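Novice: Residue numbers (our numbering): 2 to 484. Have a look at this one before I ask anything.
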Amino acid sequence: MNHSGRADSRQVGENWAVVGGGVLGMTIALRLAQRGHRVTLIEGRQNLGGMADAWQLGDIVWDRHYHVTLLSDAFTCGLLRELDLQDQMQWVVTKTGFFTDGRLHSMSNSVEFLTFPPLGLIDKLRLGGTIFYASRVTNWKALEKISVAEWLTKLSGKRTFEKIWRPLLRAKLGESYQETSAAFIWATIARMYAARRSGLKKEMFGYVRGGYATVMDRFKLRLEQCGVRILCNAAVRGIQSLPNGQVQVQLADEAIRFDRVVSTLPSPAVSRLCSQLPQKERSLHDGIRYHGIVCASALLRKGLSPYYVTNITDGGVPFTAVIDMSALVGPDELRGNGLVYLPRYVAPDDELFDRSDAEIELEFIAGLQQMHPGISAGDVRAFRVSRIRHVFALPTKEFSDRLPSIETGVPNLYAVNSAHIVNSTLNVNETIRLAEEFVKTYEPHDRLRQGISEEQDQQRLRNTQRLLDSVSTVGSYGSERRI
Numbered sequence: 002m003n004h005s006g007r008a009d010s011r012q013v014g015e016n017w018a019v020v021g022g023g024v025l026g027m028t029i030a031l032r033l034a035q036r037g038h039r040v041t042l043i044e045g046r047q048n049l050g051g052m053a054d055a056w057q058l059g060d061i062v063w064d065r066h067y068h069v070t071l072l073s074d075a076f077t078c079g080l081l082r083e084l085d086l087q088d089q090m091q092w093v094v095t096k097t098g099f100f101t102d103g104r105l106h107s108m109s110n111s112v113e114f115l116t117f118p119p120l121g122l123i124d125k126l127r128l129g130g131t132i133f134y135a136s137r138v139t140n141w142k143a144l145e146k147i148s149v150a151e152w153l154t155k156l157s158g159k160r161t162f163e164k165i166w167r168p169l170l171r172a173k174l175g176e177s178y179q180e181t182s183a184a185f186i187w188a189t190i191a192r193m194y195a196a197r198r199s200g201l202k203k204e205m206f207g208y209v210r211g212g213y214a215t216v217m218d219r220f221k222l223r224l225e226q227c228g229v230r231i232l233c234n235a236a237v238r239g240i241q242s243l244p245n246g247q248v249q250v251q252l253a254d255e256a257i258r259f260d261r262v263v264s265t266l267p268s269p270a271v272s273r274l275c276s277q278l279p280q281k282e283r284s285l286h287d288g289i290r291y292h293g294i295v296c297a298s299a300l301l302r303k304g305l306s307p308y309y310v311t312n313i314t315d316g317g318v319p320f321t322a323v324i325d326m327s328a329l330v331g332p333d334e335l336r337g338n339g340l341v342y343l344p345r346y347v348a349p350d351d352e353l354f355d356r357s358d359a360e361i362e363l364e365f366i367a368g369l370q371q372m373h374p375g376i377s378a379g380d381v382r383a384f385r386v387s388r389i390r391h392v393f394a395l396p397t398k399e400f401s402d403r404l405p406s407i408e409t410g411v412p413n414l415y416a417v418n419s420a421h422i423v424n425s426t427l428n429v430n431e432t433i434r435l436a437e438e439f440v441k442t443y444e445p446h447d448r449l450r451q452g453i454s455e456e457q458d459q460q461r462l463r464n465t466q467r468l469l470d471s472v473s474t475v476g477s478y479g480s481e482r483r484i
């Protein structure tokens with residue numbers, strides 16, 4: 002089977018629906034179509050991509066949310082090769098900043114870490130020891146039984162926890178950090194420092210020229226080439242099993258029947274749309290607590306600093322961090338402008354979701370001026386706000402033990418979403434990995450029907466792992482220094 006082109010027209014598989022047109026749903030749809038299935042991809046918004054889509058900001062088109070690719074992101078790199086975009090990748094060494102005690106500090110190498118003013122020498126040694134130790138922990142399940150606050154305080158000390166860890170945890174998790182397990186910070190550090198074992202000490206991030214607009218255009222084209230039927234502006238009103246074993250997806254103006262349906266929607270939506278879910282299963286979906294994001298994009302006359310990401314430990318700043326895309330992306334891509342993202346992670350019912358763009362702009366630009374006094378309102382050329390209420394599941398203690406099964410109690414209905422990324426952080430690479438594992442696990446019968454061996458079916462995953470191993474050998478990893 003040719004994984005880079007159209008499915009074999011002689012293969013007549015099952016009729017599948019994939020609900021949700023983000024990266025997870027798009028990848029599942031592609032793999033199912035390549036295995037000879039008839040696939041319909043259903044998306045409620047006007048375009049595919051989910052959190053990885055792009056939008057117009059002033060006179061440029063760029064990502065609606067901030068994304069980077071690491072050299073160690075083997076699944077992302079593999080998909081980009083499959084989409085013939087590997088030659089469009091740009092790799093850049095970046096820097097990291099901290100805004101602490103009203104000042105910007107660089108923390109991009111070992112010397113800057115040792116001279117970081119807010120912490121004393123003993124505090125720095127304990128902080129470095131914590132990261133080193135966490136990067137080598139392998140039993141993440143054991144960490145699910147311990148609170149992140151307890152674990153970090155024990156390893157780093159109370160002062161370092163109060164000065165560094167607590168502000169960063171609050172920025173990402175709000176007060177819910179108190180209920181979050183140590184597995185959360187382990188997953189973050191593991192992604193940051195996986196490459197450090199191979200010796201590279203620089204941060205190297207990558208992006209595709211043109212941003213995710215380029216990726217999504219090429220991805221959609223590949224789906225169409227493989228025969229995937231794409232329905233956008235198609236909000237799902239309900240999903241139910243029929244007596245004949247088919248699954249019916251109810252849209253606003255029609256009901257469509259399929260042999261199998263996989264939902265990639267957040268768990269609250271699964272619970273709401275699937276009335277036939279067994280009560281125990283529904284309770285598991287309803288029990289997953291999500292965090293959302295309000296992310297502002299500001300197009301400026303110029304970039305702010307040399308730091309791709311500036312972590313914020315001071316109180317009173319209305320956003321989590323400053324991500325300066327112009328420290329990563331070439332000036333020709335942004336037409337000489339600066340582009341910064343100002344994210345704030347909040348609970349799904351936070352009042353920030355209901356505030357107007359103008360109100361958020363006033364507050365966020367004031368916060369930006371607090372960090373960069375030289376910025377004026379006249380330097381802001383465009384400002385837009387993205388709001389998503391269910392972004393990632395809060396990794397509370399023993400979280401993985403309370404996950405609902407992907408194969409639901411409704412016949413031929415599957416529910417897989419970002420909550421099932423339990424031993425890593427939510428990012429594009431792990432989303433693609435989850436999609437690959439879903440198809441590998443829940444479509445085994447079709448291998449046999451089409452004469453595809455277990456060996457052939459796992460070849461792409463082995464090739465991807467081989468890429469990961471080869472990158473590790475040459476030490477070409479990047480690292481991501483943010484929570």
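We treat Cβ as the ideally placed atom computed from N, Cα and C, and that holds for glycine. Quantities reported herein were computed from a predicted structural model and do not represent experimental measurements.
If you drop the 5 nearest sequence neighbours on each side, which residues of the same chain put their C-beta closer than 6 angstroms to that of residue 469?
Specialist: Start at 1 with the first residue of the sequence shown, and residue 469 comes out as number 468. Confidence at residue 469 is low in this model, with a pLDDT of 39, below 50, so the placement of that residue is unreliable and no value is reported for it.
Novice: May I ask you to report which of helix, strand or coil DSSP gives residue 46?
Specialist: Start at 1 with the first residue of the sequence shown, and residue 46 comes out as number 45. Coil, per DSSP.
Novice: Quick check on the burial criterion: 16 or more other C-beta atoms within 10 angstroms. Buried or exposed for residue 112?
Specialist: Here residue 112 refers to the residue found at position 111 of the sequence shown. Under this definition residue 112 is an exposed residue.
Novice: In the DSSP output, what is residue 294 paired with across the bridge?
Specialist: Counting from 1 along the sequence shown, the entry for residue 294 is found at position 293. Note: residue 294 sits in a beta bridge opposite 346 and 389.
Novice: Leaving aside the five residues before and after residue 252 along the sequence, list all residues of the same chain whose C-beta is less than 6 angstroms from its C-beta, in chain order.
Specialist: Counted from its first residue, the sequence shown places residue 252 at position 251. If we look at residue 252 and ignore the five residues flanking it on each side, its Cβ neighbours are 235.
Novice: Find the nearest neighbour of residue 380 within the set 341, 387 and 390, judged by alpha-carbon distance.
Specialist: Indexing the sequence shown from 1 puts residue 380 at position 379. Residue 380 has its Cα closest to that of 341, out of 341, 387 and 390.
Novice: Among the residues of its own chain, which have a CB less than 8 angstroms from the CB of residue 1, if the five just before and after it don't count?
Specialist: Residue 1 falls outside the range modelled here, since the chain spans only 2 to 484, and no answer is possible.
Novice: Rounded to whole angstroms, how far is the Cβ of residue 65 from the Cβ of residue 387, which I believe are closer than 8 angstroms?
Specialist: Residue 65 sits at position 64 when you count from the first residue of the sequence shown. Residue 387 sits at position 386 when you count from the first residue of the sequence shown. Rounded, the Cβ-Cβ distance is 5 angstroms, consistent with contact.
Novice: Name the residue from 30, 16 and 159 whose alpha carbon lies nearest to the alpha carbon of residue 441.
Specialist: Start at 1 with the first residue of the sequence shown, and residue 441 comes out as number 440. Residue 30 is the option with its Cα nearest to residue 441.
Novice: Note down the Cα distance separating residue 247 from residue 15, rounded to an integer number of angstroms.
Specialist: On the sequence shown, position 246 is the one that residue 247 refers to. On the sequence shown, position 14 is the one that residue 15 refers to. Between residue 247 and residue 15, the C-alpha separation is close to 11 angstroms.
Novice: Near residue 215, which residues of its chain fall below 8 angstroms by C-beta distance, leaving aside the five closest residues on each side in sequence?
Specialist: The count along the sequence shown starts at 1 and reaches residue 215 at position 214. Counting only Cβ-Cβ distances below 8 angstroms, and skipping sequence neighbours, we find 86, 89 and 209.
Novice: Going by C-alpha to C-alpha distance, which of 217, 179, 120 and 116 sits closest to residue 488?
Specialist: The question about residue 488 has no answer, for the chain in this structure spans 2 to 484.
Novice: Any heavy atom of the ligand NAP inside 8 angstroms of the beta-carbon of residue 87?
Specialist: No copy of the ligand NAP occurs in the structure displayed, which carries no ligand at all.
Novice: Tell me whether the stretch 31-47 and the stretch 274-282 touch, counting them as touching only if at least three CB pairs, one residue from each stretch, are closer than 8 angstroms.
Specialist: Cβ pair count under 8 angstroms is below three, so no.
Novice: DSSP on residue 117, reduced to helix/strand/coil?
Specialist: What you label residue 117 is simply residue 116 of the sequence shown in a count that begins at 1. Three-state DSSP puts residue 117 in coil, outside helix and strand.
Novice: Helix, strand or coil for residue 408, going by three-state DSSP, please let me know.
Specialist: Numbered from 1 along the sequence shown, position 407 holds the residue referred to as residue 408. Strand at residue 408.
Novice: Which whole-angstrom value is the C-beta distance of residue 229 and residue 94, which I expect to be below 8 angstroms?
Specialist: The residue you call residue 229 lines up with position 228 of the sequence shown. The residue you call residue 94 lines up with position 93 of the sequence shown. The Cβ separation is near 38 angstroms, so there is no contact.
Novice: Measuring alpha carbon to alpha carbon, tell me which of 438, 81, 191 and 312 ends up nearest residue 140.
Specialist: The residue you call residue 140 lines up with position 139 of the sequence shown. The option with the nearest alpha carbon to residue 140 is 191.
Novice: For residue 436 and residue 81, which I take to be in contact (beta-carbon distance under 8 angstroms), what is that distance rounded to the nearest angstrom?
Specialist: Start at 1 with the first residue of the sequence shown, and residue 436 comes out as number 435. Start at 1 with the first residue of the sequence shown, and residue 81 comes out as number 80. Residue 436 to residue 81, Cβ: 15 angstroms. No contact.
Novice: Say whether the stretch 400-419 touches the stretch 121-140, bearing in mind that this needs 3 or more beta-carbon pairs closer than 8 angstroms, one atom from each stretch.
Specialist: Short answer: they don't touch.
Novice: Assuming contact is defined by CB atoms lying nearer than 9 angstroms, are residue 149 and residue 183 in contact in what I supplied?
Specialist: Residue 149 sits at position 148 when you count from the first residue of the sequence shown. Residue 183 sits at position 182 when you count from the first residue of the sequence shown. Yes.
Novice: Measure the beta-carbon distance from residue 243 to residue 395 and round it to whole angstroms, keeping in mind my assumption that it falls under 8 angstroms.
Specialist: For the purposes of this step, residue 243 is taken as the residue at position 242 of the sequence shown. For the purposes of this step, residue 395 is taken as the residue at position 394 of the sequence shown. About 35 angstroms separates the two Cβ atoms, so there is no contact after all.
Novice: To which residues of the same chain is residue 19 closer than 6 angstroms at the C-beta, ignoring the five residues directly before and after it?
Specialist: Within the sequence shown, residue 19 is the residue found at index 18, counting from 1. Closer than 6 angstroms at the Cβ level, and outside the excluded window around residue 19, lie 26, 29, 30, 42 and 263.
Novice: In the DSSP assignment, find the alpha helix (DSSP H) that holds residue 421 and state where it starts and stops.
Specialist: Against the sequence shown, residue 421 aligns to sequence position 420. Counting along the chain, residue 421 falls outside any alpha helix (DSSP H), and DSSP gives it neither H nor E.
Novice: Pick helix, strand or coil for residue 196, following the three-state DSSP scheme.
Specialist: Sequence index remark: in the sequence shown, residue 196 carries index 195 (1-based). In this prediction, residue 196 scores a pLDDT of 45, lower than 50, which makes its location untrustworthy; no coordinate-derived value is stated.
Novice: With the cut-off set at 9 angstroms, would you say residue 176 and residue 399 are in Cβ contact?
Specialist: Here residue 176 refers to the residue found at position 175 of the sequence shown. Here residue 399 refers to the residue found at position 398 of the sequence shown. No, they are not a contact pair.
Novice: Let me know the beta strand (DSSP E) ranges lying completely inside the stretch 247-311, each 3 residues or longer, listed in chain order.
Specialist: If we require 3 residues or more, the beta strand (DSSP E) runs fully inside the stretch 247-311 come out as 248-251, 256-259, 261-264 and 291-301.
Novice: Once DSSP output is grouped into helix, strand and coil, what is the label at residue 16?
Specialist: Here the question's residue 16 lines up with position 15 in the sequence shown. Looking at residue 16 - three-state DSSP - the assignment turns out to be strand.
Novice: Taking the DSSP output, what are the residues bridged to residue 231?
Specialist: As a working note, residue 231 is residue 230 in the sequence shown. According to DSSP, residue 231 bridges with 42.
Novice: Mind checking residue 162: buried by the 16 CB within 10 Å criterion, or exposed?
Specialist: By one-based count along the sequence shown, residue 162 stands at place 161. Residue 162 is buried by the Cβ-count criterion.
Novice: Relative to the C-alpha of residue 397, which candidate in 186, 331, 78 and 107 has its C-alpha closest?
Specialist: On the sequence shown, residue 397 is found 396 positions in, with the first residue counted as 1. Considering only alpha carbons, the answer is 186.
Novice: Output yes or no for whether 9 angstroms exceeds the beta carbon distance between residue 301 and residue 323.
Specialist: The count along the sequence shown starts at 1 and reaches residue 301 at position 300. The count along the sequence shown starts at 1 and reaches residue 323 at position 322. It is not a contact, given that the beta carbons lie outside the stated cut-off.
Novice: Please classify residue 267 as buried or exposed, where buried requires at least 16 other C-beta atoms within 10 Å of its C-beta.
Specialist: Here the question's residue 267 lines up with position 266 in the sequence shown. By the 10 Å Cβ count, residue 267 comes out buried.
Novice: With a threshold of 7 angstroms on Cβ separation, who are the neighbours of residue 220 within its own chain once the five nearest residues in sequence on each side are excluded?
Specialist: Position 219 of the sequence shown, counting from 1, holds the residue named residue 220. Once the five neighbours on either side are set aside, the close Cβ partners of residue 220 are 27 and 84.
Novice: For residue 108, which three-state DSSP category applies?
Specialist: As a working note, residue 108 is residue 107 in the sequence shown. If DSSP states are grouped into helix, strand and coil, residue 108 belongs with coil.
Novice: Which value, in whole angstroms, describes the spacing of the CA atoms of residue 272 and residue 249?
Specialist: Working through the sequence shown from its first residue, we reach residue 272 at position 271. Working through the sequence shown from its first residue, we reach residue 249 at position 248. The straight-line gap from Cα to Cα measures roughly 16 angstroms.
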